[in-house]
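K.L.:
Final position of the sequence shown in my numbering is 248; the numbers increase by one with none missing. Backbone N, C-alpha and C fix where the C-beta goes; we use that ideal spot for every residue, glycine too. Encoded as structure tokens, here's the structure I'll be asking about.
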Amino acid sequence: MANPCGYFSQTRLFSFCGGTTLDRSFPISKYILDSNGGHRLNSYFSEQLHNRFMASERLAHYMDQHPGEDCFKYMLHYNLYKEQREAKMAAIAHRILAVPLKKDTVIPPVEVISTLKGDYRDIATRVEPVDFDFPYDHVHPFSLMDKYRHTTTRAYQQLMQKAADFLS
Numbered sequence: 081m082a083n084p085c086g087y088f089s090q091t092r093l094f095s096f097c098g099g100t101t102l103d104r105s106f107p108i109s110k111y112i113l114d115s116n117g118g119h120r121l122n123s124y125f126s127e128q129l130h131n132r133f134m135a136s137e138r139l140a141h142y143m144d145q146h147p148g149e150d151c152f153k154y155m156l157h158y159n160l161y162k163e164q165r166e167a168k169m170a171a172i173a174h175r176i177l178a179v180p181l182k183k184d185t186v187i188p189p190v191e192v193i194s195t196l197k198g199d200y201r202d203i204a205t206r207v208e209p210v211d212f213d214f215p216y217d218h219v220h221p222f223s224l225m226d227k228y229r230h231t232t233t234r235a236y237q238q239l240m241q242k243a244a245d246f247l248s
């Protein structure tokens, strides 16, 4: 969303298992964050947003004095800066393809859709949820079990081909 000096004007984003605001993700897992860490992360940024980052002189400086840094705060809380976030998303929608997992509980696909396509689904961002024919989750999207080897390999190759096609 931020594009200093137009450096990223021709870039694309392929997002696998991502694309929602921080407050709409649920990163509580022994592999990601423990419950205390997850709570503190959300609490910290919620407090900073409501105080306009004034509790931290350095953060306040970057949020107010550096164009583009405000995009960071657009992605922290779904209901804050929604108009600005959706305007930015609409401008770059043709350069984004998100592929969330249908059964992902860390980054739920409905939240990816809401964030990237907007409340009214009027932003043209491509969001294509996938559901694999083997057990998976956010931390382990591709099964390591031998009995799913061929199915997993096929799913992985299809996903990588989708990414390559979009990014080329």
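With respect to the beta strand (DSSP E) encompassing residue 93, which residues constitute its N-terminal and C-terminal limits?
P.N.:
For the purposes of this step, residue 93 is taken as the residue at position 13 of the sequence shown. Residue 93 -> beta strand (DSSP E) spans 93-96.
K.L.:
What is the rounded straight-line gap between the Cα of residue 239 and the Cα of residue 135?
P.N.:
Translated into positions along the sequence shown, residue 239 becomes position 159. Translated into positions along the sequence shown, residue 135 becomes position 55. For residue 239 and residue 135, the distance between alpha carbons rounds to 43 Å.
K.L.:
What does the Cβ neighbour count give for residue 110, buried or exposed, with the cut at 16 atoms within 10 Å?
P.N.:
For the purposes of this step, residue 110 is identified with residue 30 of the sequence shown, where counting begins at 1. Residue 110 comes out exposed.
K.L.:
How about residue 218 and residue 193: do their beta carbons lie closer than 8 Å?
P.N.:
Indexing the sequence shown from 1 puts residue 218 at position 138. Indexing the sequence shown from 1 puts residue 193 at position 113. No, the pair does not count as a contact, with Cβ atoms beyond the cut-off.
K.L.:
My output table needs one value for residue 186: the three-state DSSP class, helix, strand or coil.
P.N.:
Position 106 of the sequence shown, counted from the start, is the residue given in the question as residue 186. Reduced to three states, the DSSP call for residue 186 is coil.
K.L.:
By the DSSP assignment, the beta strand (DSSP E) with residue 171 in it spans what residues?
P.N.:
In the sequence shown, residue 171 corresponds to position 91, counting from 1. Segment 162-172 is the alpha helix (DSSP H) holding residue 171; no beta strand (DSSP E) there.
K.L.:
Taking the straight line between their C-alpha atoms, what separation do you get for residue 129 and residue 144?
P.N.:
Taking the sequence shown and counting its residues from 1, the one referred to as residue 129 is at position 49. Taking the sequence shown and counting its residues from 1, the one referred to as residue 144 is at position 64. Whole-angstrom Cα-Cα distance: 12 Å.
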